[in-house]
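*Asks:*
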Amino acid sequence: HNADRHSGHFFVRRCGKSDRKFFISRFSGFTRKISDRKIVTFGIREISHAVINQVLTLFVNGKRILCRGGNWGMDEGMLNCDRDGYDLRVRLHHDANLVMIRNWVGMVGREDFYNACDRYGILIWDDFWLANPSDGPDPKDWPLFMANACDKIRRVRSHPSLALYCGRNEGSPPKELDVALRAAVGELDGTRHYISNSAAGTVTGFGPYEVRDPDWYFVNRGKTFHSELGIVAVPTVESMRAMMPPENLWPINDMWAVHNYQSPRSQLYTKRIEQRYGAPVGIEDYCRKAQMVNMESAKAMYECLQANQGGGVLVWMTQSAWPSLICQLYDYYFESTAAYFGAKKGCEPLHILWDSNSDTIKVVNNTLNDQPDLLAEAELYDLEGKKLWYKSIQINLPATSAKVCFAIERPARQSSVFFLKLKLRHEDQILSDNFYWSSGKGGSCNELEKLPRLSLPTTVIKSNDGQNVHFAVQVTNPTRSVALMIRLKVIRAGSRERVLPVFYEDNYFSLLPGEGRTLSVEFAVTNLAGELPKLAMEGWNISPQEIQIH
Numbered sequence: 003h004n005a006d007r008h009s010g011h012f013f014v015r016r017c018g019k020s021d022r023k024f025f026i027s028r029f030s031g032f033t034r035k036i037s038d039r040k041i042v043t044f045g046i047r048e049i050s051h052a053v054i055n056q057v058l059t060l061f062v063n064g065k066r067i068l069c070r071g072g073n074w075g076m077d078e079g080m081l082n083c084d085r086d087g088y089d090l091r092v093r094l095h096h097d098a099n100l101v102m103i104r105n106w107v108g109m110v111g112r113e114d115f116y117n118a119c120d121r122y123g124i125l126i127w128d129d130f131w132l133a134n135p136s137d138g139p140d141p142k143d144w145p146l147f148m149a150n151a152c153d154k155i156r157r158v159r160s161h162p163s164l165a166l167y168c169g170r171n172e173g174s175p176p177k178e179l180d181v182a183l184r185a186a187v188g189e190l191d192g193t194r195h196y197i198s199n200s201a202a203g204t205v206t207g208f209g210p211y212e213v214r215d216p217d218w219y220f221v222n223r224g225k226t227f228h229s230e231l232g233i234v235a236v237p238t239v240e241s242m243r244a245m246m247p248p249e250n251l252w253p254i255n256d257m258w259a260v261h262n263y264q265s266p267r268s269q270l271y272t273k274r275i276e277q278r279y280g281a282p283v284g285i286e287d288y289c290r291k292a293q294m295v296n297m298e299s300a301k302a303m304y305e306c307l308q309a310n311q312g313g314g315v316l317v318w319m320t321q322s323a324w325p326s327l328i329c330q331l332y333d334y335y336f337e338s339t340a341a342y343f344g345a346k347k348g349c350e351p352l353h354i355l356w357d358s359n360s361d362t363i364k365v366v367n368n369t370l371n372d373q374p375d376l377l378a379e380a381e382l383y384d385l386e387g388k389k390l391w392y393k394s395i396q397i398n399l400p401a402t403s404a405k406v407c408f409a410i411e412r413p414a415r416q417s418s419v420f421f422l423k424l425k426l427r428h429e430d431q432i433l434s435d436n437f438y439w440s441s442g443k444g445g446s447c448n449e450l451e452k453l454p455r456l457s458l459p460t461t462v463i464k465s466n467d468g469q470n471v472h473f474a475v476q477v478t479n480p481t482r483s484v485a486l487m488i489r490l491k492v493i494r495a496g497s498r499e500r501v502l503p504v505f506y507e508d509n510y511f512s513l514l515p516g517e518g519r520t521l522s523v524e525f526a527v528t529n530l531a532g533e534l535p536k537l538a539m540e541g542w543n544i545s546p547q548e549i550q551i552h
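So the sequence shown is numbered by my numbering: it starts at 3 and just counts up by one.
1) List the residues that DSSP assigns as beta-bridge partners of Asn203.
2) Could you tell me if Met539 is buried or exposed, where buried requires 16 or more neighbouring beta carbons within 10 angstroms of its beta carbon?
3) Please give the ranges of any beta strand (DSSP E) in the region 168-202, keeping only runs that are unbroken, at least 3 residues long and fully inside the region.
4) Can you tell me whether Leu534 is buried or exposed, with buried defined as 16 or more other CB within 10 angstroms of its CB?
5) How should Leu166 be labelled, buried or exposed, when 16 other C-beta atoms within 10 angstroms of its C-beta is the threshold for buried?
6) In whole angstroms, what is the alpha-carbon distance linking Lys154 and Arg170?
7) Based on Cα-Cα distance, which residue from Lys364, Cys119, Met297 and Asn448 lies nearest to Leu376?
8) Which residues does DSSP pair with Asn436 in a beta bridge?
9) What did DSSP end up calling His552 once you bin it into helix, strand or coil?
10) Using DSSP with H/G/I as helix, E/B as strand and the rest coil, what is His96?
11) To the nearest angstrom, report how far apart Tyr122 and Val317 are at their CA atoms.
12) Below 8 Å on the Cβ atoms is my guess for Trp324 versus Tyr332; work out the distance and round it to an integer in Å.
13) Could you check where the beta strand (DSSP E) with Glu381 kicks off and where it finishes?
14) Where DSSP assigns a beta bridge to Thr461, which residues make up the other side?
15) For the region 248-296, which segments carrying the alpha helix (DSSP H) assignment without a break, of at least 4 residues, lie completely within its bounds, in sequence order?
16) Considering only C-alpha positions, which residue in the set Tyr383, Glu379, Val419 and Phe420 is nearest to Cys407?
17) Please name the residue or residues paired with Ala538 in a DSSP beta bridge.
18) What would DSSP say about Cys152, mapped onto helix, strand or coil?
19) Go ahead and pull the three-state DSSP assignment for Gln396.
20) Only counting the same chain, and skipping five residues up and downstream in sequence, which positions put a Cβ closer than 7 Å to that of Gly468?
21) Taking its Cβ as the centre, do 16 or more other Cβ atoms sit within 10 Å of Thr238, making it buried, or is it exposed?
22) Do you know how far the Cα of Thr478 is from the Cα of Gly387?
23) For Lys393, I'd like the list of residues in its chain whose CB is within less than 7 Å of its CB, leaving aside the five on either flank, ordered along the chain.
24) Between Leu370 and the rest of its own chain, which residues show a CB-CB distance below 7 Å, the 5 nearest in sequence each way excluded?
25) Have a look at Leu450, Asp97, Leu90 and Ala151 and flag the residue whose alpha-carbon is nearest the alpha-carbon of Gly111.
26) Within the same chain, show all residues whose beta-carbon is closer than 8 Å to that of Pro459, passing over the 5 residues directly before and after it, in chain order.
27) In whole angstroms, what separates the C-alpha of Glu411 from that of Cys306?
28) Taking Leu426 and Leu352 to be in contact with their CB atoms under 8 Å, please state how far apart those CB atoms are, rounded to whole angstroms.
29) Is Glu240 helix, strand or coil by DSSP?
30) Taking Phe44 as the reference, which of Arg159, Val236, Met294 and Arg489 has the closest Cα?
31) Using the Cα positions of Gln321 and Arg34, report the straight-line distance between them to the nearest angstrom.
32) Let me know the secondary structure DSSP gives Phe208 once reduced to three states.
33) Let me make sure I understand the geometry here. Which of Val475, Leu422, Ile551 and Gly312 has the alpha-carbon closest to that of Arg519?
34) Assuming Pro515 and Val492 are in contact, meaning their beta carbons sit under 8 Å apart, how far apart are those beta carbons, in whole angstroms?
35) Assess contact between the region 192-200 and the region 274-294, defined as three or more Cβ pairs (one per stretch) separated by less than 8 Å. Is contact present?
36) Going by beta-carbon coordinates alone, are Glu212 and Arg278 separated by less than 8 Å?
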């Protein structure tokens, strides 16, 4: 090594005997001391791939992985994300049962991002820096581009989270560049798969980017490895108030467009709200009905993959880089929308679901172990909370498999709103449960406005481990009506401001007559800013209330 004492810079070159004598005499102190030390956390695993029925399928340690995840367009709009910021964002993905993040067009290059994915076991689909041919030109300096590409491969190849490389978004690199990228991946890495195009060949893409009826997803998605499936997820009214002035909250105006609410997806989303739940009468009603759309659309986007057993579905997008109304599961302020919990439910490793297109109940096992002697149950309720139908079946569920259980029986009156409750259990242990509301195929659910307002008995037991506050929240529904889309919210007792982020075991959940649930809630003590916490509750037909904490 040659060393410059004054600048502190070191470089490596080949040296002969005379060089070595010079170094030993001139820098003898350097040869007897450790000049640098680095502690490295690493993982050992094998990622392989196969093309099955023309669909890219990934395997980790020989086990097929259903790639449920999302795209990151940026890490944070002001590029000020730090180690804790990456850890939080990746943990939110992990807690939502997601297993992959696509680093879209290589926008995120920070080591902290890769380290966080390593910690949480999130696979990375890693793009090089080529936008689709319509959005960006081909690089003019190919040697410089390849020098950077080789540096990237050397830098990220040691991360066990890295799953595959992609040459270009929605297009292929120029032929010579594609050949060079493929060769570089093979020579410098040799353990990951390279694909040229994010939306062709063994993978698919191109949205759509507006939300559709749940039935549509089961018919048209979930059979391939789909790189971009668009989501619109309007946040809660509190986040809307945080991102724009009061005078711009209602009606929809250009300020909404500043926060990405642009045509055509914004108009189609509003139309979906109006057709499904009735025309909103203000910003609070718009956000309330938006969470209903968020829940059912996000869940369907991932359940279609579970039902059809394709290679993967990556939502466009899961990470909000700035205050936005679209392309997110949680918003810029780390408030989880109902889409987050729809995704979390739809991505469960062991899951029971309703394929609304075929009207069949299916069970899915994405774990490494066979699941024998399971009981799959389905119950249908009418708007008044009366049970109309029940069916169950015993089933054995091999690892990484899906099975059809039985068909449901819809109410005789097709326009009637109904509720569907599903449970997958082993003896007395509930392994998965699920809940839906619907009416006729693609029909209106306006009748949900007829549900009576409910106040639900709730208890909160608080504990504190020094760094985090933990709530054990028990909610019961002693009434004869369905309690729909119950939302828990932690606030500061004095300022009434939201505590963010909060990690909810579940939220926007529903309870049948006589049903109860106990849920865990966790948040950092520092997020209280010296105040005491309070737990608030609201919902579709839940009277707002605040709960005494014990």
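For glycine and all other residues, C-beta sits at the position ideal for the given N, C-alpha and C.
*Replies:* In this structure, then:
1) The sequence given here places Gly at residue 203; Asn does not occur at that position. Gly203 is not bridged to any residue.
2) Burial is judged here by how many other beta carbons sit within 10 angstroms of a residue's own beta carbon; Met539 has at least 16 and is buried.
3) 195-199
4) exposed
5) buried
6) 15 Å
7) Lys364
8) Looking at the DSSP output, Asn436 bridges to Leu424.
9) coil
10) helix
11) Straight across, the Cα-Cα distance linking Tyr122 with Val317 is about 19 Å.
12) Trp324 to Tyr332, Cβ: 13 Å. No contact.
13) Gln373 to Asp384
14) Gln476
15) 256-260 and 267-279
16) Comparing Cα-Cα distances from Cys407 to each of Tyr383, Glu379, Val419 and Phe420, the minimum goes to Glu379.
17) Lys491 and Glu548
18) helix
19) strand
20) none
21) buried
22) 15 Å
23) Ala380 and Phe408
24) Take Leu370, set aside five residues on each side of it, and the residues of its chain with a beta-carbon closer than 7 Å to its own are Lys65 and Ala401, in chain order.
25) Comparing Cα positions, the closest option is Ala151.
26) In chain order, Val477, Thr478 and Pro480 place their CB closer than 8 Å to the CB of Pro459, counting only its own chain and leaving out the 5 sequence neighbours on each side.
27) 20 Å
28) 7 Å
29) helix
30) Among Arg159, Val236, Met294 and Arg489, the Cα nearest to that of Phe44 is on Arg159.
31) Going by the C-alpha atoms only, they are around 48 Å apart.
32) coil
33) Val475
34) Between Val492 and Pro515 the Cβ distance is about 27 Å, and since that is not below 8 Å, they are no contact.
35) no
36) no
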